[in-house]
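Novice: In the numbering used here, the protein residues as written are 1219 to 1642. Quick one: structure below, then a few questions.
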Ligand code: NIG
Ligand code: FE
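Pasting the structure below:
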């Protein structure tokens, strides 16, 4: 019978093998550790008819099949399928209790997302359900979602709290995320989002709730080491720019960098607040004009766009084309959550980015891999097929060209997912 120690040992065994007969291999010779910006986002080098060596769970080397070395190391035959980096989904809320298809139907009947929120639905609806859900129940349902996105090809994911909105329930969510971190080979970062909505017990008292977050919740979250980042939903009807800056500044004192929700529903000042406090990313960005682009150009903040939220809520799409043409680094993520984007399928995000935001397929792949890795702080080890990065990659079915991935928006082209050198 295997003991836990045996299983641990098994997981830690060297994962060393070749992938052979790769139709096309998208590799990164330089070992990128910074986001691609502007015109460089369309650069995606590849070689055809290739092999790739994975050693101890990391990428080791690659070359042409015509020069495949004599070896006793085992090989996996890609049968002409393509090898691309696994997706890095830098913005999700995949820990939640219950779905919200009732609101989906309410929107069909004419209500907007904001009207539903004002009537006590939306995030508050999810929070009330989560408060009545045990940590184990939350963990079990989130693990199912995590396994699902791994099968879609996601190898690194950021997960937020924000459906607890009180100390105990936020800690419960963050503890679930901590448990998820060691449950699979998918790399996870956690984000503390108590400032997602003002809970009913603080209705009409946003400033008091913000003080509660800063004085009571944040120290506990930090004490337990539960968060990698701090988040605020800075938007019309949610948190003000002033309160966003207060929370970002408090987070900085504990060494937590912001990754915030900004400018989804309005020109909220969220982008400027994020830039001012050195946020790693500002996300959503449906409402972005010249002032926001200028602020971002003079910053270290990555722009993350979430096109499935625009799709699902019928909002305008973020002006991604304009932002890339202005020279910004852009990343793409799913926003997987029960209210505005109940899907964690990254390949669909690429399709939406190409169809509705005029991003080129190469730009979309970079936005969903290396730039996504940068937007969640894992770029040193993930995000591209580079020597010494973790072996996170996908083997697709044989393809004619890259555009086929976003073009065939309903098909599943991923035949194998390899994370940290293990077949999933
Ligand atoms: O990113 N915009 C704020 N938060 C989530 C939606 C959360 C919800 O509706 O449950 C988002 O879209
Ligand atoms: Fe979100």
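C-beta atoms are modelled at their ideal positions from N, C-alpha and C, and glycine is treated no differently. Since we're looking at a predicted model, the values are computed, not measured.
#1: Looking only at DSSP bridge pairs, what is residue 1372 linked to?
#2: Name the DSSP beta bridge partners of residue 1641, please?
#3: Quick one: Cα of residue 1224 to Cα of residue 1361, how far?
#4: Whole angstroms is fine: what's the gap from residue 1626's alpha carbon to residue 1620's?
#5: Helix or strand or just coil, what does DSSP make of residue 1425?
#6: Identify every run of the beta strand (DSSP E) within the segment 1472-1511, keeping only runs that are complete inside it and at least 3 residues long; order them along the chain.
#7: Give me the Cβ distance between residue 1593 and residue 1527, rounded to the nearest whole Å; I'm assuming they're in contact under 8 Å.
#8: Nearest-angstrom Cα distance between residue 1311 and residue 1284?
#9: Check residue 1239 in the structure and name its three-state DSSP category.
#10: Would you call residue 1228 buried or exposed, if buried means 16 or more other Cβ atoms sit within 10 Å of its Cβ?
#11: Is there at least one non-hydrogen atom of the ligand NIG closer than 7 Å to the beta-carbon of residue 1414?
#12: By the DSSP assignment, the alpha helix (DSSP H) with residue 1394 in it spans what residues?
#13: For residue 1634 and residue 1382, what's the separation of their Cα atoms in angstroms?
#14: Below 8 Å, can you find three or more Cβ-Cβ pairs linking the segment 1334-1350 to the segment 1373-1387?
#15: Whose C-beta lies closer than 6 Å to the C-beta of residue 1642 among residues of the same chain, with five residues either side of it excluded?
#16: Taking only the alpha-carbon atoms, compute the straight-line gap between residue 1169 and residue 1389 and give it to the nearest angstrom.
#17: Are residue 1469 and residue 1480 touching if we call contact CB-CB under 8 Å?
#18: With 16 other CB atoms within 10 Å as the buried threshold, where does residue 1558 fall?
#19: For the beta strand (DSSP E) that residue 1613 lies in, which residues bound it at each end?
#20: Below 7 Å, is the gap between the Cβ of residue 1446 and the nearest heavy atom of the ligand FE?
#21: When you compare only the Cα positions, how much space is there between residue 1277 and residue 1305?
#22: At a cut-off of 7 Å, is residue 1553 close to the ligand FE when judged by its beta-carbon and the heavy atoms of the ligand?
#23: Helix, strand or coil: which one does DSSP assign to residue 1224?
#24: Would you mind working out which of 1440, 1452, 1405 sits nearest residue 1428, comparing C-alpha positions?
#25: Please state whether DSSP places residue 1623 in a helix, a strand or coil.
#26: Compute the Euclidean distance between the alpha carbons of residue 1607 and residue 1556, then round it to the nearest angstrom.
#27: Please tell me whether, using a cut-off of 7 Å, the distance from the CB of residue 1556 to the nearest non-hydrogen atom of the ligand NIG is below it.
#28: Can residue 1623 and residue 1568 be called in contact, C-beta distance under 8 Å?
#29: Start and end of the beta strand (DSSP E) containing residue 1543?
#30: Once the 5 residues before and after residue 1399 are set aside, which same chain residues still bring their CB inside 7 Å of it?
#31: Taking contact to mean at least 3 C-beta pairs separated by less than 8 Å, is the segment 1494-1504 in contact with the segment 1290-1299?
#32: Use the C-beta contact count for residue 1598: other C-beta atoms within 10 angstroms, 16 or more gives buried, fewer gives exposed.
Specialist: According to the structure data:
#1: Taking the first residue of the chain shown as position 1, residue 1372 is located at position 154. BP columns for residue 1372 point to 1305.
#2: Taking the chain shown and counting its residues from 1, one reaches residue 1641 at position 423. 1636, per the DSSP bridge assignment.
#3: Residue numbering aside, residue 1224 sits at position 6 when the chain shown is read from its first letter. Residue numbering aside, residue 1361 sits at position 143 when the chain shown is read from its first letter. With a pLDDT of only 47 at residue 1224, under the threshold of 50, the placement of this residue in the model should not be trusted; the figure read from the coordinates follows. Looking at the two C-alpha atoms, the distance is approximately 23 Å.
#4: Sequence index remark: in the chain shown, residue 1626 carries index 408 (1-based). Sequence index remark: in the chain shown, residue 1620 carries index 402 (1-based). Approximately 11 Å between the Cα atoms of the pair.
#5: Here residue 1425 corresponds to residue number 207 of the chain shown, with the count starting at 1. Residue 1425: helix per DSSP, three-state reduction.
#6: 1475-1480, 1499-1502
#7: Within the chain shown, numbered from 1, the residue matching residue 1593 stands at position 375. Within the chain shown, numbered from 1, the residue matching residue 1527 stands at position 309. About 16 Å separates the two Cβ atoms, so there is no contact after all.
#8: Position 93 of the chain shown, counted from the start, is the residue given in the question as residue 1311. Position 66 of the chain shown, counted from the start, is the residue given in the question as residue 1284. Taking the straight line joining both Cα atoms gives about 45 Å.
#9: To locate residue 1239, count along the chain shown from 1; it is residue 21. In this structure, residue 1239 counts as strand in the three-state DSSP scheme.
#10: Numbered from its first residue, the chain shown carries residue 1228 at position 10. Confidence in residue 1228 is poor, its pLDDT being 47 and thus under 50, which makes the residue's placement too unreliable to answer from.
#11: In the chain shown, residue 1414 corresponds to position 196, counting from 1. Yes, the ligand NIG has a heavy atom inside 7 Å of this Cβ.
#12: Here the question's residue 1394 lines up with position 176 in the chain shown. Residues 1385-1399.
#13: Position 416 of the chain shown, counting from 1, holds the residue named residue 1634. Position 164 of the chain shown, counting from 1, holds the residue named residue 1382. Taking the straight line from one Cα to the other gives about 36 Å.
#14: yes
#15: The sequence position of residue 1642 within the chain shown is 424, counting from 1. Excluding sequence neighbours, residue 1642 sits near 1368, 1635.
#16: In the structure as shown, the chain begins at 1219 and stops at 1642. Residue 1169 is therefore absent and cannot be evaluated.
#17: Sequence index remark: in the chain shown, residue 1469 carries index 251 (1-based). Sequence index remark: in the chain shown, residue 1480 carries index 262 (1-based). Result no, Cβ atoms of residue 1469 and residue 1480 do not sit closer than 8 Å.
#18: Taking the first residue of the chain shown as position 1, residue 1558 is located at position 340. Buried.
#19: As a first step, residue 1613 must be located in the chain shown, where it is residue number 395. Counting along the chain, the beta strand (DSSP E) containing residue 1613 begins and ends at 1611-1614.
#20: Taking the first residue of the chain shown as position 1, residue 1446 is located at position 228. No, since every heavy atom of the ligand FE falls outside the 7 Å radius drawn around the Cβ of residue 1446.
#21: Numbered from its first residue, the chain shown carries residue 1277 at position 59. Numbered from its first residue, the chain shown carries residue 1305 at position 87. Straight-line Cα distance between these residues: approximately 16 Å.
#22: Residue numbering aside, residue 1553 sits at position 335 when the chain shown is read from its first letter. Yes, Cβ of residue 1553 sits closer than 7 Å to a heavy atom of the ligand FE.
#23: For this step, residue 1224 is matched to residue 6 along the chain shown. Any reading at residue 1224 must be qualified, since the residue scores a pLDDT of 47, below 50, and its modelled position is unreliable; the value itself is stated next. Here residue 1224 sits in helix by DSSP.
#24: If you number the chain shown from 1, residue 1428 lands on position 210. The shortest Cα separation from residue 1428 among 1440, 1452, 1405 belongs to 1452.
#25: Walking along the chain shown from the start, residue 1623 turns up at place 405. Residue 1623: helix per DSSP, three-state reduction.
#26: Counting from one through the chain shown, the residue named residue 1607 turns up at place 389. Counting from one through the chain shown, the residue named residue 1556 turns up at place 338. In a straight line, the C-alpha of residue 1607 is about 33 Å away from that of residue 1556.
#27: For the purposes of this step, residue 1556 is identified with residue 338 of the chain shown, where counting begins at 1. Because some heavy atom of the ligand NIG lies under 7 Å away, the Cβ of residue 1556 counts as near it: yes.
#28: Position 405 of the chain shown holds residue 1623. Position 350 of the chain shown holds residue 1568. A contact, by the Cβ cut-off of 8 Å.
#29: The count along the chain shown starts at 1 and reaches residue 1543 at position 325. That residue, residue 1543, is in no beta strand (DSSP E); its alpha helix (DSSP H) goes 1538-1543.
#30: Working through the chain shown from its first residue, we reach residue 1399 at position 181. Answer for residue 1399: 1406, listed in chain order.
#31: no
#32: As a working note, residue 1598 is residue 380 in the chain shown. So residue 1598 counts as exposed.
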